[in-house]
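Here's the structure, in structure tokens; my notes come after.
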Amino acid sequence: MCANELVPEGEGACAHRGSPQLERDPLGGVRYDMRASRARRCATPLAAAVCALALIPIRGSGQAPPSARAQVVWHWFGGCAGTDSLVLEFHVDGTMVYSATFPLCQMRHADIRPEPQQRVLTFHFDAAPHRFGRQYRALEPEPITGNVWEAGRRQTAVVLGVSFATAERVLLNTRHAARPDRPARSEWIRGLELITRPVRRN
């Protein structure tokens, strides 16, 4: 179990003990929670599956072919302070329950360096698991945790990995393409919307 452990990027769950927790970044927002509390979120095997998915490393510049290393792609956080920003919002039945702003910028693949620990945006809301599919029989609302992380980099967007899980089961693993030039909206489950939009500069 991961009861007292944190997992650095690129290693399996429960692989490393004693790593420091991620510090809060000054992103602001509603119900913002950037704590890398994998000790709590990895407490059960199914929750650990969500953590493991979020920790799958993006292909590093040393592994990419020369043509890919030269590509200029969109990337979030690392090395992007003071550049463009995106607002991320999550809505439940029309009510915004989470909002955060994060930096993003264009960089060559070869210039992107992996961070010691992958950044994960975490938020919480209540919903009936049955909303995620008929295979989930629970009809009463339960606490659900959402995680968002950088899952890919494109020339036109940052690809965000998105997962939803209760304390006992993973409900959904999916992706959202966050565009730097215009709003993007994903509604995988009716009434549950993730929206990203660029921050306008004054």
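So the sequence shown is numbered by the numbering used here: it starts at 57 and just counts up by one. Quick reminder that beta carbons are idealized off the backbone N, C-alpha and C, glycines included. Predicted model, so just to flag it, every value in this text is computed and none were measured.
Check                                                                                                                       : Outcome
Measuring only the C-alpha atoms, how far is Pro254 from Trp130?                                                            : 13 Å
With a threshold of 16 other CB atoms inside 10 Å of the CB of Glu206, please say whether the residue is buried or exposed. : buried
Quick one: measure Cβ to Cβ for Pro197 and Leu227, integer angstroms, because I've assumed they're closer than 8 Å.         : Between Leu227 and Pro197 the Cβ distance is about 13 Å, and since that is not below 8 Å, they are no contact.
On the DSSP letters alone, give me the boundaries of the beta strand (DSSP E) that Glu15 sits inside.                       : One cannot answer for residue 15 here, as it falls past the ends of the chain, which runs 57 to 258.
By DSSP's criteria, Arg253 is part of a beta bridge. Which residues make up the other side?                                 : Val143
Which residue marks the beginning of the beta strand (DSSP E) containing Gly208, and which one marks its end?               : Glu198 to Arg209
Helix, strand or coil, according to DSSP, for Gly66 in the structure here?                                                  : Summary for Gly66: the model assigns pLDDT 34, below 50, so the residue's position carries little reliability; its value from the coordinates is reported in the next sentence. It is coil, neither helix nor strand.
Would you mind stating whether Leu248 and Val204 have Cβ atoms separated by less than 8 Å?                                  : no
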